[in-house]
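Sequence lines, in order, name chains G and C.
The opening position of the first sequence corresponds to residue 0 in numbering that gives the first Met the number 0, with each subsequent residue numbered one higher.
The opening position of the second sequence corresponds to residue 0 in numbering that gives the first Met the number 0, with each subsequent residue numbered one higher.
Protein chains: 2
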Amino acid sequence: MPERSARRNGIALTERQRIAWLRLIRSDNVGPATFRDLINHFGNAEAALAALPELSRRGGSTRPIRIASEADAVRELETARRLGATFIGIGEPDYPPALRQIDGAPPLLAVRGDLSATRLAHIGIVGSRNASIAGVKFASLIARELGRAGYGIISGLARGIDTAAHRASLETGTIAAMAGGLDRPYPPENIGLLEEICSGRGLAISEMPFGWEARARDFPRRNRLIAGAALGVVVIEAASRSGSLITARLAGEFGRLVFAVPGSPLDPRCHGTNGLLKDGAIVTTGPEDILQALAPIAGVANLAPRQAEEPDGDGEEKALEPPPTENERTRIIDALGPTPVEIDDIIRHTGLSASAVYLVLLELDIAGRLHRHAGGLVSLAMAD
Amino acid sequence: MPERSARRNGIALTERQRIAWLRLIRSDNVGPATFRDLINHFGNAEAALAALPELSRRGGSTRPIRIASEADAVRELETARRLGATFIGIGEPDYPPALRQIDGAPPLLAVRGDLSATRLAHIGIVGSRNASIAGVKFASLIARELGRAGYGIISGLARGIDTAAHRASLETGTIAAMAGGLDRPYPPENIGLLEEICSGRGLAISEMPFGWEARARDFPRRNRLIAGAALGVVVIEAASRSGSLITARLAGEFGRLVFAVPGSPLDPRCHGTNGLLKDGAIVTTGPEDILQALAPIAGVANLAPRQAEEPDGDGEEKALEPPPTENERTRIIDALGPTPVEIDDIIRHTGLSASAVYLVLLELDIAGRLHRHAGGLVSLAMAD
Numbered sequence: 000m001p002e003r004s005a006r007r008n009g010i011a012l013t014e015r016q017r018i019a020w021l022r023l024i025r026s027d028n029v030g031p032a033t034f035r036d037l038i039n040h041f042g043n044a045e046a047a048l049a050a051l052p053e054l055s056r057r058g059g060s061t062r063p064i065r066i067a068s069e070a071d072a073v074r075e076l077e078t079a080r081r082l083g084a085t086f087i088g089i090g091e092p093d094y095p096p097a098l099r100q101i102d103g104a105p106p107l108l109a110v111r112g113d114l115s116a117t118r119l120a121h122i123g124i125v126g127s128r129n130a131s132i133a134g135v136k137f138a139s140l141i142a143r144e145l146g147r148a149g150y151g152i153i154s155g156l157a158r159g160i161d162t163a164a165h166r167a168s169l170e171t172g173t174i175a176a177m178a179g180g181l182d183r184p185y186p187p188e189n190i191g192l193l194e195e196i197c198s199g200r201g202l203a204i205s206e207m208p209f210g211w212e213a214r215a216r217d218f219p220r221r222n223r224l225i226a227g228a229a230l231g232v233v234v235i236e237a238a239s240r241s242g243s244l245i246t247a248r249l250a251g252e253f254g255r256l257v258f259a260v261p262g263s264p265l266d267p268r269c270h271g272t273n274g275l276l277k278d279g280a281i282v283t284t285g286p287e288d289i290l291q292a293l294a295p296i297a298g299v300a301n302l303a304p305r306q307a308e309e310p311d312g313d314g315e316e317k318a319l320e321p322p323p324t325e326n327e328r329t330r331i332i333d334a335l336g337p338t339p340v341e342i343d344d345i346i347r348h349t350g351l352s353a354s355a356v357y358l359v360l361l362e363l364d365i366a367g368r369l370h371r372h373a374g375g376l377v378s379l380a381m382a383d
Numbered sequence: 000m001p002e003r004s005a006r007r008n009g010i011a012l013t014e015r016q017r018i019a020w021l022r023l024i025r026s027d028n029v030g031p032a033t034f035r036d037l038i039n040h041f042g043n044a045e046a047a048l049a050a051l052p053e054l055s056r057r058g059g060s061t062r063p064i065r066i067a068s069e070a071d072a073v074r075e076l077e078t079a080r081r082l083g084a085t086f087i088g089i090g091e092p093d094y095p096p097a098l099r100q101i102d103g104a105p106p107l108l109a110v111r112g113d114l115s116a117t118r119l120a121h122i123g124i125v126g127s128r129n130a131s132i133a134g135v136k137f138a139s140l141i142a143r144e145l146g147r148a149g150y151g152i153i154s155g156l157a158r159g160i161d162t163a164a165h166r167a168s169l170e171t172g173t174i175a176a177m178a179g180g181l182d183r184p185y186p187p188e189n190i191g192l193l194e195e196i197c198s199g200r201g202l203a204i205s206e207m208p209f210g211w212e213a214r215a216r217d218f219p220r221r222n223r224l225i226a227g228a229a230l231g232v233v234v235i236e237a238a239s240r241s242g243s244l245i246t247a248r249l250a251g252e253f254g255r256l257v258f259a260v261p262g263s264p265l266d267p268r269c270h271g272t273n274g275l276l277k278d279g280a281i282v283t284t285g286p287e288d289i290l291q292a293l294a295p296i297a298g299v300a301n302l303a304p305r306q307a308e309e310p311d312g313d314g315e316e317k318a319l320e321p322p323p324t325e326n327e328r329t330r331i332i333d334a335l336g337p338t339p340v341e342i343d344d345i346i347r348h349t350g351l352s353a354s355a356v357y358l359v360l361l362e363l364d365i366a367g368r369l370h371r372h373a374g375g376l377v378s379l380a381m382a383d
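1) Distance cutoff 9 Å, beta carbons only. Does Thr78(G) sit that close to anything in chain C?
2) Spell out whether any CB of chain G is found under 9 Å from the CB atom of Ile137(C).
3) So with CB distances below 8 Å, who are the chain G contacts of Leu276(C)?
4) My guess is that Pro286(C) and Ile141(C) are in contact by the Cβ rule of under 8 Å, so how many angstroms apart are they, rounded?
5) Assuming Ala292(C) and Ile281(C) are in contact, meaning their beta carbons sit under 8 Å apart, how far apart are those beta carbons, in whole angstroms?
6) Kindly indicate the opening and closing residues of the beta strand (DSSP E) around Ser205(G).
7) Measure the beta-carbon distance from Arg65(G) to Asp27(G) and round it to whole angstroms, keeping in mind my assumption that it falls under 8 Å.
8) Of the residues Ser168(C), Ala44(C), Ala297(C), which one's Cα is nearest the Cα of Leu256(C)?
9) Is it buried or exposed, His372(C), if we count other Cβ atoms within 10 angstroms and call 16 or more buried?
10) To which residues of the same chain is Arg268(C) closer than 6 Å at the C-beta, ignoring the five residues directly before and after it?
11) So, for Arg22(G): in the same chain, excluding its five sequence neighbours on each side, which residues have a beta-carbon less than 8 Å away from its beta-carbon?
12) With 9 Å as the threshold, decide whether the Cβ of Leu265(C) is near any Cβ in chain G.
13) When you compare the CB positions of Thr173(C) and Ser154(C), do they come within less than 9 Å of one another, or not?
14) Can the beta-carbon of Leu376(G) be found closer than 9 Å to that of Gly336(G)?
15) For Leu244(C) and Ala79(G), I'd like the C-alpha separation in whole angstroms.
16) How is Ala109(C) classed by DSSP in three states: helix, strand or coil?
17) Determine the burial state of Ile345(C): buried for a count of at least 16 other Cβ atoms within 10 Å of its Cβ, exposed for fewer.
18) Please tell me whether Gly375(G) has its Cβ less than 9 Å away from any Cβ of chain C.
19) Got a sec: which bits of the region 159-192 of chain G sit with their beta carbon under 8 Å from any beta carbon on chain C, in order along the chain?
20) Measuring alpha carbon to alpha carbon, tell me which residue in Asp333(C), Arg15(C), Leu12(C) is nearest Arg368(C).
21) Any residues in the region 6-31 of chain G with a beta carbon nearer than 9 Å to a beta carbon of chain C? Which ones, in chain order?
22) Taking the alpha-carbon positions, what's the Pro186(G) to Ser168(G) distance?
23) Determine the closest residue to Arg17(C) out of Gly30(C), Asp161(C), Glu75(C), with distance taken between C-alpha atoms.
24) Taking 9 Å as the CB-CB cut-off, is Gly126(G) touching chain C?
25) Chain G partners of Asn129(C), CB-CB under 7 Å?
26) Using CA coordinates, which residue listed in Gly90(C), Thr283(C), Phe137(C) is at the minimum distance from Phe258(C)?
27) Note down the Cα distance separating Ile190(C) from Leu108(C), rounded to an integer number of angstroms.
28) If we count the other Cβ atoms within 10 Å of its Cβ and call it buried at 16 or more, is Gly42(C) buried or exposed?
29) Straight-line CA distance for Pro322(G) to Arg330(G)?
30) How should Arg214(G) be labelled, buried or exposed, when 16 other C-beta atoms within 10 angstroms of its C-beta is the threshold for buried?
31) What residues match up with Ser378(G) in a beta bridge as DSSP calls it?
32) Can you find the residues in the same chain that come closer than 6 Å, C-beta to C-beta, to Ala164(G), ignoring five residues on each side of it along the sequence?
33) So that I know if they touch, is there some Cβ in chain C lying closer than 9 Å to that of Gly285(G)?
34) State the CB to CB distance for the pair Asp182(G) and Leu98(G), rounded to an integer number of angstroms; the pair is presumed to be in contact (CB under 8 Å).
35) Could you please give me the residues that DSSP links to Ser154(C) through a beta bridge?
And the structure:
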């Protein structure tokens, strides 16, 4: 029932396109939203790469932009190949379909393991690294029963709850979302588990470059992958202000179901989960609570062919309009401030064409002077 | 804020009336609803007592009805006096105001201790007898903080959670609702606690006769007192199918707030409480959750002067209509069966006067041939 349709449509990148995509997403000031706007504006990644220095200069950057070289990209692809990993572009058939729907989905995902794992509907299981014995036991039970019911499990390869969830779903399908590069697993004691995942029915995914050591600030992005790739997230033991609550909040923002396991108010490891219950998370005391809530959505979810958040594909270079004038650029910058605004409001306020506004925003973005916010809002990055 | 208005209206029973009330409620086949109907029909308890043998005979009883003698009642009052206890009639100023509102509130309540405890707004705290250390600790915390905030605590004097709740509210006000007579505390190890309650700012209450040893079937009635006398009930650790869940269900039926403390799904002592959360109980991880939910209702609740469920008071004997004819009685009995029906439907169906129908039902009731159900429905008791 939760098994997805094998028929999928999508783009297929050539090796040359994949190298250009990798260079583009690895270049400075290019995040997922900017990546999409660049491809949509210039028609393909190679044209976008060629335009970056000029965009950055026009956007007011005082230093030349760092662009990933073709040699760097080829080297990363080579590293991936040695590890048995590949890159999947957003819109390609093996890209996890639920992840494709979220705001800021990574344009390229490094993956290693059994790609057929992406065909399952996934449930995130997350929780404390210093979980209680009961918490670990419960995570195993949930992962095993959801796996038996045909769902894949996605988690973060961390100690405690994550480890238990992966272990219990090795046979049925498990995805480890990593905060660092695929060749830099964390924590070290889970290297063996990662190998088991990738050599069996599991998959490791990362949006970070090979060789990248995960730092604290990378974990919220990893949590975004979990929340984005899942139909729902189960939180088992989570302290106040823990990473698992970030995953739960993101899951809620993405319209995913949020399940929380109740626990003693006297155990700090349950403060976060009990708080989620107060905020309306589904009270979860066994796998049946999850299966019941998922039943109506498991069959139909996430099969939309193309999402608004992804580029049109990598096609012909587009014939471009002349760049906006200095006067137009000044009017747009003057209309921006530290408060996030809608792009439509900028267009209305300045009376300029949409394409001029989008292009100036792209320039500012590439120059590192624009902040992009949820819901497509933008603000000017203030000088420190 | 939760302290009630000192100004209360109500009836005041004379010693002679109190003896008659006690005889009536201690007689066979007289429960709270029958008690009310008898007083309302005959005008006072003495007239009702005098009518019981004839009612029972007309209702078809083959054995003479057992009526509590005046000597029995005087003896029970004497026992109460020796213990420092009294009886409060429903409608008298010291009767717990919230309890007065419920369906089947006891007409007479035996009380011992500080009667000013009934002036507080009460919160029930109930849970497992074999509570965990954490559960006991949490019950103490909740009881102490609610007490500090001006609420009284009501519980069942049982081991575990009840004991912790009473102990922590000895200084601020606590009510022990008992399943047996006030002179038959259960469990034995809580006799000392009961003495502390009654000699301090606490109160013990019971609707059962002095000398009555609590049996298993008496505990649900005790739970009814707790749910009825409280504005809300907090359940801390409760197994599936435990007595605390009965208290919670009754509280819900009475329109009281139900609070449940989350716990590990792997601990059987939390299955009941987690189940309550699934059914919509308020997730409770600290006293502030309770105080916040009670704030809007604490000041205004339960001050209605007279409730539909209580008798008009004990007044003049009423001039009675002639009893229904045998033919009328047969038509009413024929209209009844084992399925509960509304009294209005019987009136409509038979075309008889309301007073004739009510009187025949009272006869059947006193003869032990009528079952009364929630919502005022009645059915015929089938012969075994």
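Every residue, glycine too, gets a C-beta built ideally from N, C-alpha and C.
Checking against the coordinates, here is how it stands:
1) No, no contact with chain C.
2) Here residue 137(C) turns out to be Phe, not Ile, going by the sequence shown. Interface residue, yes.
3) Neighbourhood of Leu276(C) in chain G, by CB distance below 8 Å: Pro261, Leu276, Val282, in chain order.
4) Right, their Cβ atoms sit about 5 Å apart.
5) The Cβ separation is near 6 Å, so the contact holds.
6) Ser205(G) -> beta strand (DSSP E) spans 201-205.
7) Contact between Arg65(G) and Asp27(G) is confirmed by a C-beta separation of about 4 Å, below the 8 Å threshold.
8) Looking at Ser168(C), Ala44(C), Ala297(C), the one whose alpha-carbon comes closest to that of Leu256(C) is Ala297(C).
9) By the neighbour-count rule (16 or more Cβ atoms within 10 Å), His372(C) is not buried but exposed.
10) The beta carbon of Arg268(C) sits closer than 6 Å to the beta carbons of Ser127, Glu236, Ala238 from its chain, once the five residues preceding and following it are set aside; these are given in chain order.
11) The beta carbon of Arg22(G) is closer than 8 Å to those of Ala44, Leu48, Ile66, Ala67, Ser68, Glu69, Asp71, Ala72 in its chain, skipping five residues each way along the sequence.
12) Closer than 9 Å to some Cβ of chain G, the Cβ of Leu265(C) qualifies, so yes.
13) Cβ distance < 9 Å, so Thr173(C) and Ser154(C) count as in contact.
14) Not a contact, by the Cβ cut-off of 9 Å.
15) Computed Cα separation, rounded: 58 Å.
16) Here Ala109(C) sits in strand by DSSP.
17) Of the other Cβ atoms in all chains shown, 16 or more fall within 10 Å of the Cβ of Ile345(C); this residue is therefore buried.
18) At a cut-off of 9 Å between beta-carbon atoms, Gly375(G) makes no contact with chain C.
19) Those would be none; no residue qualifies.
20) For the set Asp333(C), Arg15(C), Leu12(C), the Cα lying nearest the Cα of Arg368(C) is the one of Asp333(C).
21) Those would be none; no residue qualifies.
22) Between the C-alpha atoms of Pro186(G) and Ser168(G) there is a straight-line separation of about 19 Å.
23) Answer by Cα proximity: Glu75(C).
24) With a threshold of 9 Å between beta carbons, Gly126(G) makes no contact with chain C.
25) Result: empty, since nearest Cβ-Cβ is about 16 Å, beyond 7 Å.
26) Minimum Cα-Cα distance from Phe258(C) among the listed residues Gly90(C), Thr283(C), Phe137(C) corresponds to Thr283(C).
27) Roughly 20 Å between the two C-alpha positions.
28) Its Cβ being crowded by 16 or more others within 10 Å, Gly42(C) is buried.
29) Computed Cα separation, rounded: 14 Å.
30) By the neighbour-count rule (16 or more Cβ atoms within 10 Å), Arg214(G) is not buried but exposed.
31) The partner list for Ser378(G) (beta bridge, DSSP) reads His370(G).
32) Within the same chain, and ignoring the five residues on either side of Ala164(G) in sequence, the residues whose Cβ sits closer than 6 Å to its Cβ are Ile124, Ala138, Ala142, Ile152, Ser154.
33) Interface residue (Cβ-Cβ distance to chain C less than 9 Å): Gly285(G) is classified as such.
34) Contact flag wrong, Cβ pair sits at about 21 Å.
35) Looking at the DSSP output, Ser154(C) shares a beta bridge with Ala175(C).
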